[in-house]
Amino acid sequence: MSLVEKKIDSGAGIITLLDGEGGNRLNPSFLGEFSAALRDLSTDEKAKFIIIRSRGRNFCLGMDLVALEKGHAGMDDVVSAVKDYTSLLSDIYHSPKTVVALIDGPVKAGGMGIAAACDVVLASERASFELSEALIGIIPANVLPYLFMLRVPPQKARYLVLTAAQLDAHKAHAVGLVDEVYTVEGFEKGVKSLCRQIMRTSPQAVSVFKDFTHQFLESDFNGRKVLAEQTLFDLIKQESVLAAVKKFNEGDLPPWFGRFKPSEPVTG
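Basically this note's numbering = 1-based index in the sequence shown + 9.
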């Protein structure tokens, strides 16, 4: 039985995590399918951006605790899952396309890393967020680089880890874990509206911007200034950019503007 499904609908590459009722637990089988789907969509020109969603109540509840409970007998699976999970977060973060997480239920532990590595996190009011690792004696070591670098101040991350506090969608939005919160009834409409905006962006600009931010975060102040100038100079010399500027000035649209009319609900 498949644990992950992928498809392309109206320019959106959609990854559906199929075991929401079981928590979409992070084990080698699940992570292997997830990573393969992400790699395929990241290189498929028909997918302008990527959506990650869950079928069922939970988005992702983290590590497969059954394997962990086996101790040394199940340690090979645990080690494999940790390595695969680390690679998955990196692949999400470094995808050349905008990656959007749709959260319509609980997210815990390693699931928080998946959300934090995404470029955009959209949640309904029934979503909740929890870094629960300390409750079983471990820490979210693989998650923290994405929280510290991208989402929340270090002290807020410390609070979330040390208290294992559960945040509702609005509190998660307030600390930066979530970009937009919608009512349950308005979730589909809100997601579609944002997807339409994403469909208007230049794929090249998205890819360059993501690479720029990765380098920017890893550079010192002087390095950031040089990187900023060089990236902008490289872009404004390109024929595709000059042609797009000309079209805007003439009241026309550049060729990468796309329409978003999915054949079925985006939120699942």
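We put the beta carbon where it would ideally sit given N, CA and C, even for glycine.
- At the C-beta level, V275 and I23 come within 9 Å of one another.
- Judged by beta-carbon spacing, A21 lies within the 9 Å limit of P271, meaning their Cβ atoms are closer than that value.
- Taking C-beta atoms as the reference points, F269 and S19 count as a pair closer than 9 Å.
- If one requires a minimum length of 3 residues, no beta strand (DSSP E) run lies completely within the stretch 196-248.
- Comparing alpha carbon positions, the residue from L74, R34 and L26 closest to L47 is L26.
- With respect to V109, I207 sits close: the two C-beta atoms are nearer than 9 Å.
- Fully enclosed alpha helix (DSSP H) runs of no fewer than 4 residues occupy 163-172 of the stretch 150-179, in order along the chain.
- Between K117 and S141 a beta carbon distance of about 5 Å is seen, short of the 8 Å cut, so the two are scored as contacting.
- Around the C-beta of V193, fewer than 16 other C-beta atoms lie within 10 Å, and the residue is accordingly described as exposed.
- The beta carbon of F221 is closer than 6 Å to those of T240 in its chain, skipping five residues each way along the sequence.
- Taken through DSSP and simplified to helix, strand or coil, A125 comes out as helix.
- Residue T95 holds the alpha-carbon nearest to the alpha-carbon of N36 among A166, T95, H103 and V217.
- With 16 or more other Cβ atoms from the protein chains shown falling within 10 Å of its own Cβ, S104 counts as buried.
- The beta carbons of L186 and F138 sit closer together than 9 Å.
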